[in-house]
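J.: Counting from 1, position 471 in the sequence shown corresponds to residue 471 in the UniProt record's numbering; the numbering is continuous, with no gaps.
Where is the CB? At the ideal position from N, CA and C, for every residue including glycine.
Starting off with a structure, shown below.
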Amino acid sequence: MASSKQDRDRKEANTGKNLARSGGVYVPPFKLSRMMRDVEDKSSPEYQRLTWDALRKSINGLVNKVNATNIRNIIPELFAENLIRGRGLFCRTCMKSQMASPGFSDVFAALAAVVNTKFPEVGELLLKRIVLQLKRAYKRNDKPQLVAAAKFIAHLVNQQVAHEIIALELLDVLLEEPTDDSVEVAVGFVTECGSLLEELTPKGLRGVFKQFRGILHEGGIEKRVQFLIENLFAIRKAKFQGHPAVRLELDLVEEEDQLAHELSLKDDIDPETCLDFFKVDAQFVESERRYENLKRKILGYDESSDEEEVSDSPSGGEDDKDSDEDEKQMNIQDGTEANLVNLRRRIYLIIMSSVDFEEAGHQLLQIKLEPGKEMELCIMLLECCSQERTYLRYYGLLGQRLCMINKIYQENFEKCFVQQYSMIHRVETNKLRNVARFFAHLLGADALPLQVLAYVRLTEEDTTSSSRIFIKILFQELSEHLGIKLLNERLSEPTMQDSFGSIFPRDNPKNTRFCINFFTSIGLGGITENLREYLKLTHMLVMQQRKRCLEFEGESESRLSSSESERDMEQRCNKRRKRY
């Protein structure tokens with residue numbers, strides 16, 4: 001008994017020495033877990049120190065390996081750690097990682113945005129520390145640190161962790177006394193979050209660009225910075241295309257769950273640096289238990305299922321049967337869309353490597369597509385066609401062959417036409433030309449019915465410059481395929497007039513004139529002969545109605561005048577009778 005007690009005391013003494021040595025010193029994970037198992041008192045300072053070291057290493061590892069691809073997998077692992085206790089560690093690690101890799105600022109901001117939805121105090125603490133870092137860098141004239149901090153704040157504004165007011169306040173400070181460095185930082189900041197500011201505070205953004213314009217006119221900055229400002233004006237004119245507020249893969253927080261913290265650069269901010277260091281918690285066990293319950297709610301764990309797994313079953317044979325049934329019923333779903341990526345790669349390789357459209361069509365039809373995946377083939381064909389420098393007839397012939405073989409492809413190309421036309425204002429001019437010629441080939445070859453033109457409404461209000469270019473190229477190509485005479489005959493078919501009512505509008509003379517002028521300007525006035533006759537007829541009817549109205553008014557006036565003259569005659573006769 002005495003020897004066992006001595007061994008236990010010796011073991012505890014060794015554990016205490018190891019624990020004392022662990023602070024700030026690298027301890028292998030297996031050794032750290034063994035040391036934690038050896039500690040019997042879970043509320044002791046030694047055990048708390050071990051859990052603190054494990055928490056620090058875990059948060060540091062998760063934040064350092066996060067990227068746009070794996071962020072959805074990192075988030076559950078991060079919530080599994082005690083972020084309330086380690087909020088200082090999380091903020092410090094995020095700021096260090098972002099400073100080392102400013103190009104990943106949007107990723108760290110997305111991670112902070114998700115954490116902010118569950119723990120707003122963590123998001124607020126991170127914002128406070130970044131603002132302090134920015135103010136220190138501005139006072140010390142530390143440009144690299146200032147650029148990194150401004151970029152982080154810009155993406156926190158994009159993720160609505162920070163309110164947009166702080167963005168306008170920062171720009172006001174940077175442009176109040178403009179220097180080459182401050183203007184360059186301001187240009188980079190607006191480039192990152194200008195898209196969101198244009199949406200939320202257009203007046204504020206106009207004021208910022210007014211300041212930029214004034215700086216350009218004064219000419220007090222070097223040429224390089226002037227070119228940066230001019231480039232920023234070009235980006236704004238293009239409505240910040242290529243600089244979205246949030247990338248699609250980082251759009252993880254619903255709008256109703258966002259919580260923006262209002263913070264001013266003039267506020268006295270407490271960075272709460274004490275949270276970065278270990279401190280003994282008298283209620284450690286209770287705090288850990290509360291966070292464990294909170295973690296279950298966040299991650300969606302089911303306590304009842306855990307209890308069922310822990311409880312012992314009376315017979316092992318029944319457990320084996322149940323597990324076998326579960327394995328049979330298990331249906332694994334691929335959430336990475338690896339199969340879809342492989343399918344698209346295969347389609348692309350076939351399209352690009354085939355000698356002619358017949359070979360490509362034969363190989364594409366050999367692919368065993370799942371129901372509903374035919375659309376992917378149509379999208380890939382259209383995408384390959386749009387990427388070419390000039391339109392290749394090969395794509396039109398391949399699309400025609402697919403439509404002729406299977407009606408499903410015809411229906412999917414109709415859907416593609418509708419989708420492309422609805423988003424035509426986002427397509428580059430070269431891609432627009434290729435897409436228009438591709439669909440013109442399908443329409444001219446009867447691979448697609450002309451009824452798809454019902455989606456196109458040709459009026460001044462319903463079209464943009466891009467859609468007018470698309471319609472122009474489409475009909476010019478159709479006239480080359482069919483000729484003006486045949487095209488006019490097809491467009492004049494009585495059974496098709498309902499489908500062409502939107503592209504040849506007759507609801508309003510203004511829209512009719514616009515349509516006639518449009519086709520005349522592109523050299524296809526011949527297909528508007530029926531529309532011209534209709535406009536003349538309506539004009540004649542309007543003139544006849546006006547003439548009738550004028551005649552009716554004239555008759556009414558003559559009747560009134562004749563009735564008045566008759567009254568005058570009667571009055572005169574009455575006067576004469578009275579005299580005699």
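(1) Taking 9 Å as the threshold (C-beta atoms), are Leu442 and Leu453 in contact?
(2) Measuring only the C-alpha atoms, how far is Asn82 from Arg289?
(3) Is the Cβ-Cβ distance between Arg129 and Met99 less than 9 Å?
(4) Would you mind stating whether Thr93 and Ile59 have Cβ atoms separated by less than 9 Å?
(5) Report the start-end ranges of each alpha helix (DSSP H) in the region 180-232 that is 4 residues or longer and not cut off at the edges.
(6) Using 10 angstroms around the beta-carbon of Asp106, count the other beta-carbons present and answer buried if the total reaches 16, otherwise exposed.
(7) Between the C-alpha atoms of Arg206 and Pro102, what's the straight-line distance to the nearest angstrom?
(8) When the Cα atoms are used, what is the spatial distance from Ala148 to Cys385?
(9) Three-state secondary structure (DSSP) at Asp319?
(10) Does the Cβ of Lys151 have 16 or more other Cβ atoms within 10 Å, making it buried, or fewer, making it exposed?
(11) Count the other CB atoms within 10 Å of the CB of Ile367; is the residue buried (16 or more) or exposed (fewer)?
(12) Taking 8 Å as the limit between beta carbons, can you name the residues of its chain near Arg532, skipping five residues before and five after?
(13) With Met380 and Tyr348 assumed to form a contact (beta carbons below 8 Å), what rounded beta-carbon distance in angstroms separates them?
(14) So Ser43 is in the alpha helix (DSSP H); what residue range does that whole segment cover?
(15) Nearest by alpha-carbon distance to residue 581: which of Lys118, Glu414, Lys407 and Leu252 is it?
(16) Considering only the alpha carbon of each residue, which of Thr69, Lys135, Leu275 and Leu377 lies closest to Leu125?
(17) Select from Val157, Arg296 and Glu199 the residue whose C-alpha is nearest the C-alpha of Leu263.
(18) So which of Glu411, Asn406 and Gln420 has the shortest CA-CA distance to residue 581?
(19) Take Phe189 as the anchor and find which of Ala154, Ile84 and Gln258 has the nearest alpha-carbon.
(20) What is the residue span of the alpha helix (DSSP H) that Tyr421 lies within?
(21) So the candidates are Ile405, Gly396 and Glu286; which of them puts its Cα closest to the Cα of Ser43?
(22) On a CA-only basis, which of Ile229, Ile527 and Lys407 is nearest Phe475? Give me that one, please.
(23) His425 by DSSP, collapsed to three states: which one?
(24) Hey, quick one: how far does the alpha helix (DSSP H) through Tyr348 stretch, first residue to last?
(25) In whole angstroms, give me the CA-to-CA distance for Gln258 and Val161.
T.: Short version:
(1) Translated into positions along the sequence shown, residue 453 becomes position 453. Translated into positions along the sequence shown, residue 442 becomes position 442. No. Outside cutoff.
(2) Residue mapping note: residue 82 aligns to position 82 of the sequence shown, counting from 1. Residue mapping note: residue 289 aligns to position 289 of the sequence shown, counting from 1. Between Asn82 and Arg289, the C-alpha separation is close to 10 Å.
(3) Against the sequence shown, residue 129 aligns to sequence position 129. Against the sequence shown, residue 99 aligns to sequence position 99. No; because the gap between Cβ atoms is not below 9 Å, this pair is not in contact.
(4) The residue you call residue 93 lines up with position 93 of the sequence shown. The residue you call residue 59 lines up with position 59 of the sequence shown. Yes, the pair counts as a contact, with Cβ atoms nearer than the cut-off.
(5) 180-200 and 202-218
(6) Along the sequence shown, read from residue 1 onward, the residue named residue 106 stands at position 106. Asp106 is buried by the Cβ-count criterion.
(7) Sequence index remark: in the sequence shown, residue 206 carries index 206 (1-based). Sequence index remark: in the sequence shown, residue 102 carries index 102 (1-based). Spanning the two alpha carbons is a distance of roughly 27 Å.
(8) Working through the sequence shown from its first residue, we reach residue 148 at position 148. Working through the sequence shown from its first residue, we reach residue 385 at position 385. Going from the Cα of Ala148 to the Cα of Cys385 covers about 41 Å.
(9) Start at 1 with the first residue of the sequence shown, and residue 319 comes out as number 319. For Asp319, the predicted structure reports a pLDDT of 46, less than 50, and the residue's modelled location is therefore unreliable. A value from the coordinates is still provided. Asp319: helix per DSSP, three-state reduction.
(10) Numbered from 1 along the sequence shown, position 151 holds the residue referred to as residue 151. Burial call: buried.
(11) If you number the sequence shown from 1, residue 367 lands on position 367. Looking at its Cβ environment, which holds fewer than 16 other Cβ atoms inside 10 Å, Ile367 is exposed.
(12) As a working note, residue 532 is residue 532 in the sequence shown. Around Arg532: Ile516.
(13) The count along the sequence shown starts at 1 and reaches residue 380 at position 380. The count along the sequence shown starts at 1 and reaches residue 348 at position 348. So it is a contact: roughly 6 Å between Cβ atoms.
(14) Translated into the one-based positions of the sequence shown, residue 43 becomes position 43. Unbroken run through Ser43: none, as it is neither H nor E.
(15) Outside the displayed range of the chain (1 to 580) lies residue 581, so it cannot be described from this structure.
(16) Locating residue 125 in the sequence shown gives position 125, counting from the first residue. Out of Thr69, Lys135, Leu275 and Leu377, Leu275 has the C-alpha closest to the C-alpha of Leu125.
(17) For this step, residue 263 is matched to residue 263 along the sequence shown. Nearest C-alpha to Leu263: Val157.
(18) The requested residue 581 is not part of the displayed model; the chain covers only 1 to 580.
(19) Position 189 of the sequence shown, counted from the start, is the residue given in the question as residue 189. Checking every option, the nearest Cα to that of Phe189 belongs to Ala154.
(20) Within the sequence shown, residue 421 is the residue found at index 421, counting from 1. Unbroken alpha helix (DSSP H) run through Tyr421: Lys407 to Ser422.
(21) In the sequence shown, counting from the first residue as 1, residue 43 sits at position 43. Looking at the Cα atoms, Glu286 is the closest of the given residues.
(22) Against the sequence shown, residue 475 aligns to sequence position 475. Considering only alpha carbons, the answer is Ile527.
(23) Within the sequence shown, residue 425 is the residue found at index 425, counting from 1. Three-state result, His425: helix.
(24) Position 348 of the sequence shown, counted from the start, is the residue given in the question as residue 348. Segment Ala338 to Ser353, the alpha helix (DSSP H) holding Tyr348.
(25) In the sequence shown, the residue the question calls residue 258 occupies position 258. In the sequence shown, the residue the question calls residue 161 occupies position 161. C-alpha separation (whole angstroms): 7 Å.
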